[in-house]
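Visitor:
Residue numbers (this note's numbering): 818 to 924.
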């Protein structure tokens, strides 16, 4: 997930998930997409958590720490509303990817 191609794949899957969430995203292909999003979240949790823990501003740190905590719960959530679940997974990947990128940049 740390290569530019990995980041591009994540971004593409996030866009796809958000587009599919506009309808009723069900079926095997959507299940595979959900699985990839969960895999991305798993790969991004540690770098995002490290970034959150190292933030100097307490408000920003609290928001980031809570976002990472929420991401850990989201990845475990059962699919009750397929569109909402897909949207939540996609947005979680997007947030964690930003934190992980900021962590690599040193800030």
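Heads up, the beta-carbon is just placed ideally off N, CA and C, and yes, glycines get one too.
Could you say if the stretch 846-857 and the stretch 872-884 meet the contact criterion of at least three C-beta pairs nearer than 8 Å?
Guide: Touching, no, given that fewer than three Cβ pairs across the two stretches are closer than 8 Å.
Visitor: Leaving out five residues before and five after residue 885 in sequence, what residues of the same chain have Cβ atoms less than 8 Å from its Cβ?
Guide: Once the five neighbours on either side are set aside, the close Cβ partners of residue 885 are 862, 865, 866, 869, 913, 916.
Visitor: Quick check: the Cα distance between residue 842 and residue 907, rounded to an integer number of angstroms?
Guide: About 13 Å.
Visitor: On a Cα-Cα basis, can you pick out the residue from 876, 897, 905, 849 that is closest to residue 887?
Guide: Comparing Cα positions, the closest option is 905.
Visitor: Between residue 844 and residue 889, what straight-line distance do the alpha-carbon atoms span, to the nearest angstrom?
Guide: About 24 Å.
Visitor: Look at the Cβ atom of residue 910, then the Cβ atom of residue 858, and state whether they are nearer than 7 Å.
Guide: Yes, the pair counts as a contact, with Cβ atoms nearer than the cut-off.
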